[in-house]
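Below is one structure, written out as structure tokens, with a few remarks after it.
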Amino acid sequence: MKLLLVLIFQIPAMALAIIGGTVINDGSYRQTVALAYKAQDGDAVSKSYCSGTLIGPRVVITAAHCISLGAKGFNIAPEQFIYKTWIYVGDSPATSEIPFLKAQFRVASAIFYPPSDSIYSDVVMLVLNEDVDLQKFQITPAPIAVVKPSMIGRDLIHVGYGMIENNGPKGTKSFFSLPMRGFNPYNGMEVGEFKNRGPGACHGDSGGSAYMRDEDGILKFIGVENSISGFVCGVGATYFVPITEENLQWINSIGLPLFN
């Protein structure tokens, strides 16, 4: 059974983060950002709930269920929830601060992929209210790349903000690297094994980044974290919506500068 990483609501608790990975405090993978909910405009901080990837100076791509189920978790209408979502760019915050993050860039609008019964519809582009200064935030963008069968067996790098242990707080930025086992229209890209223990996503990581280095060693962005195969983090496979020719055409249709 696959589990969307946004399904625990005793307190508002979204999506899944990384178990068995490495915490990021060295400025790497700055293109991966946190999505955080800010209840009031005057609040200095916001609460981390999902992850995303900056694919242009003003565009973040994430999982669509982060918005729909995120709104449900915070008990707010989805159309209002979008405008209370902010983006955090940076390393993992201090442990004492998690799950609260500094609100940096406000979401101005959301563009959802056309609905369908496949995994490919679980993506949304968030347009920010201003450009992210790549130099100021020390971001070296990874260009967008279409997933191809030749990538199977190569290491996929997953980066996200979320729990690093079951039932912990979300908001820790971390990564893991595992070979891509395959991809198909139902599961998308898969890393890890269905029932085996090992590195994997956990709550807070939905919408996070899938990267892979090409034959020349250049880092490319290739997908969006979507779900896991079980109910316990660190046991089972992690799945990603791959970048395809079709959804790349949709991404390019936004008409804003992108990291191509």
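Counting in the numbering used here, the final residue of the sequence shown is number 242, and the numbers go up one at a time with none missing.
For every residue, glycine included, the Cβ atom is placed at its ideal position computed from N, Cα and C.
Bear in mind that the values here come from a model prediction, so they are computed numbers and not experimental data.
Bridge partners - residue i, DSSP secondary structure assignment
i      : result
Met107 : Ile43, Ile93
Cys32  : Leu17
Asn166 : Gly170
Phe222 : Met171, Glu207
Pro161 : Asp137
Leu201 : Arg195
Gly189 : Paired residue(s): none; Gly189 is not in a bridge.
Gly38  : Val41
Test: residue i CB closer than 8 Å to a CB of chain C
i     : result
Pro97 : In the displayed structure, chain C is absent; only one protein chain is listed.
Rounded distance between the beta-carbons of residue j and residue i, thought under 8 Å
i     : j      : result
Arg88 : Leu110 : 7 Å
Proximity of residue i and residue j at Cβ, strictly below 8 Å
i      : j      : result
Tyr221 : Ser235 : no
Ser188 : Ser33  : yes
Gly170 : Val223 : yes
Gly186 : Gly218 : no
Phe119 : Tyr11  : no
Tyr143 : Ala16  : yes
Ala46  : Phe94  : yes
Thr44  : Val141 : no
Ile121 : Leu36  : yes
Pro125 : Asn242 : yes
Cut-off 6 Å between Cβ atoms - residues of its own chain near residue i, not counting five sequence neighbours on either side
i        : result
Ser159   : Asp137, Ile139
Pro96    : none
Ala18    : Ser28, Lys29, Ser30, Trp68, Tyr70, Leu83
Lys20    : Ser28, Lys66, Trp68, Ala85
Gly3     : Ser156, Phe157, Phe158, Pro181
Gly237   : none
Ser103   : Tyr95, Pro97
Met(-17) : With a pLDDT of 43 at Met(-17), under the threshold of 50, the modelled position of that residue is not reliable, and the figure given next carries that caveat. Excluding positions up to five away in sequence, the list is empty.
Ala53    : Pro60, Phe63
Contact set for residue i: own chain, Cβ-Cβ below 8 Å, skip 5 residues either direction
i      : result
Met194 : Ala127, Met133, Arg136, Asp137, Leu138, Ile139, Met162, Leu201, Lys202, Ile204
Val129 : Phe165, Met171, Ile204, Gly205, Pro224, Ile225, Thr226
Ala76  : none
Asp113 : Pro39, Arg40
Asp196 : Ala127, Lys202
Ile58  : Lys66
Ser100 : Pro167, Tyr168
Own chain residues within Cβ distance below 7 Å of residue i, not counting five before or after
i      : result
Ile49  : Pro60, Phe63, Ile64, Ala92, Val106
Ala90  : Val109, Leu110, Asn111
Trp279 : Lying before the first or after the last residue shown, residue 279 is absent from the chain, which here runs from -17 to 242.
Asn7   : Asp73, Ser74
Practice prompt. For the region 108 to 157, list the beta strand (DSSP E) runs that are entirely contained and at least 3 residues long, ordered along the chain.
Written response: 137 to 144
Worksheet item: Quick one: complete beta strand (DSSP E) runs, 3+ long, within the region 47 to 96?
Response: 67 to 70, 82 to 84, 87 to 94
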